[in-house]
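**Student:** So for the sequence shown, this note's numbering puts the first residue at 20; every next one is plus one. Glycine included, C-beta positions come from ideal geometry on N, C-alpha and C.
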Amino acid sequence: MSADVRKDSTMSVPKLTFRLATPDDAPFVAPFMYDIARRDLDPLFTGLAARLSPLDIIERFYRAPGGMFSCRNTEIALHDGLPAGFITAYSVASRNGSSAWLVRAAGQLGAHALVRLAWRGVVVARALQRNLSGSWFIAFVGVDSLQQSLGIGSSLIARSIQRARASGCSCVELDVDVDNPRAQALYERIGFHVLHADRRTASSIMVESRRMVLQLPP
20 MSADVRKDST MSVPKLTFRL ATPDDAPFVA PFMYDIARRD LDPLFTGLAA RLSPLDIIER
80 FYRAPGGMFS CRNTEIALHD GLPAGFITAY SVASRNGSSA WLVRAAGQLG AHALVRLAWR
140 GVVVARALQR NLSGSWFIAF VGVDSLQQSL GIGSSLIARS IQRARASGCS CVELDVDVDN
200 PRAQALYERI GFHVLHADRR TASSIMVESR RMVLQLPP
């Protein structure tokens, strides 16, 4: 799932405050996560008589305390006291493994739907793909559409890099879709470089993303 910054730049940053996310931020954060990941998620749910939609599942995972995409791994940017953006990132060494993820999904979807999802396999494979040793992974970045081009995404990424250093990580990784060149340009200005490309089919469309990495000095 690609981290995503739309139309962000290095323009002057408004007065921002930051705080850790809470479960109550789900109505703000979950739709951003879904919008970023929908090309991977929607095909998995096509034809399933699941009780919950992809957005419902993302919100459940966000509210749960132990998952990779949990509110505990998310920071909120506030402008004038209101949510303006967020970032979800974590140390790869501390993330939950596949068994915990699948057990949690089974409780949300039911066993039959889970088997079909596992057979299709796109999201599980990408979520559990290999990372570099000692890495910090930025999974999602989102900025409110009315407050883009103000450097909010850049500020969130800079803070996440600081957290990576404080956690003793040796590098920061993220994914960016090739159809989002502005985001890639932003990451390159920060110091990320392309590590490798990944092609996959989503919604009958070939999607290409790039894994980018920023090495952190010891």
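Three or more beta-carbon pairs under 8 Å between the segment 184–192 and the segment 72–88, yes or no?
**Tutor:** No, they do not touch.
**Student:** Taking the alpha helix (DSSP H) that Leu74 belongs to, which residues open and close that run?
**Tutor:** Counting along the chain, the alpha helix (DSSP H) containing Leu74 begins and ends at Pro73 to Arg82.
**Student:** If the criterion is Cβ atoms closer than 8 Å, does the pair Ala96 and Phe37 meet it?
**Tutor:** Yes; because the gap between Cβ atoms is below 8 Å, this pair is in contact.
**Student:** How do the segment 162–169 and the segment 201–210 stand: do at least 3 beta-carbon pairs fall below 8 Å, yes or no?
**Tutor:** Taking 8 Å as the limit for Cβ pairs, the verdict is that the segment 201–210 does not touch the segment 162–169.
**Student:** Just list the residues that DSSP pairs Glu94 with in beta bridges.
**Tutor:** For Glu94, which the question treats as bridged, DSSP gives the partners Leu39 and Ile106.
**Student:** Once the 5 residues before and after Val213 are set aside, which same chain residues still bring their CB inside 6 Å of it?
**Tutor:** Around Val213: Arg229 and Met231.
**Student:** Would you mind reading off the limits of the alpha helix (DSSP H) that contains Ala158?
**Tutor:** It is not in any alpha helix (DSSP H) - Ala158 instead sits in the beta strand (DSSP E) that spans Ser154 to Val162.
**Student:** Give the DSSP-derived three-state secondary structure of Leu233 in the structure shown.
**Tutor:** Residue state, collapsed to three classes: strand.
**Student:** Throw me the rounded Cβ distance for the Ala56 and Cys90 pair, which I believe falls under 8 Å.
**Tutor:** Rounded, the Cβ-Cβ distance is 17 Å, inconsistent with contact.
**Student:** What does a CB cutoff of less than 6 Å around Phe211 pick up in its chain, not counting 5 residues either side in sequence?
**Tutor:** Taken in chain order, the residues that qualify are Met231 and Leu233.
**Student:** Alpha carbon to alpha carbon, what distance is there between Pro236 and Met52?
**Tutor:** Taking the straight line from one Cα to the other gives about 30 Å.
**Student:** Nearest to Gly172 by alpha carbon, out of Arg182, Ala183 and Phe159?
**Tutor:** That would be Phe159, whose Cα lies nearest to the Cα of Gly172.
**Student:** Check whether the Cβ atoms of Pro73 and Asp54 sit closer than 8 Å, and answer yes or no.
**Tutor:** For Pro73 and Asp54, no; Cβs fall outside 8 Å.
**Student:** Under the three-state reduction of DSSP, which class applies to Val197: helix, strand or coil?
**Tutor:** Coil, per DSSP.
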